[in-house]
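J.: Residue numbers (the numbering used here): 1 to 78.
The following block contains the structure, expressed as structure tokens.
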């Protein structure tokens with residue numbers, strides 16, 4: 001089994017290949033990067049909200065173990 005590296009775990013070559021501007025506009029790479037990052041944060045928020053609905057993630061008394069704080073932090077970043 002090949003060793004796992006930061007680069008391979010995050011699949012950096014594939015990830016970084018997704019930022020391909022269609023024009024020569026200097027700010028286009030910034031636009032693409034910001035909007036792709038926002039989509040990733042929204043995906044994480046959805047993941048956390050889905051987990052928060054799962055009773056397996058609740059303590060006795062119904063208090064949630066996951067969800068709220070992570071979603072709030074993700075929302076601040078988006």
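Backbone N, C-alpha and C fix where the C-beta goes; we use that ideal spot for every residue, glycine too.
Starting from the Cα of residue 18, find the closest Cα among 6, 3, 1, 34 and give me that residue.
T.: Here the closest residue by C-alpha is 34.
J.: In the structure shown, what three-state DSSP assignment does residue 51 receive?
T.: In the structure shown, residue 51 sits in a helix (DSSP, three-state: H, G or I).
J.: Identify the continuous alpha helix (DSSP H) that holds residue 10 and give its terminal residues.
T.: Careful: residue 10 lies outside any alpha helix (DSSP H) and carries neither H nor E.
J.: Nearest-angstrom Cα distance between residue 41 and residue 23?
T.: Looking at the two C-alpha atoms, the distance is approximately 26 Å.
J.: Can you tell me the Cα-Cα spacing of residue 43 and residue 56, whole angstroms?
T.: Taking the straight line joining both Cα atoms gives about 21 Å.
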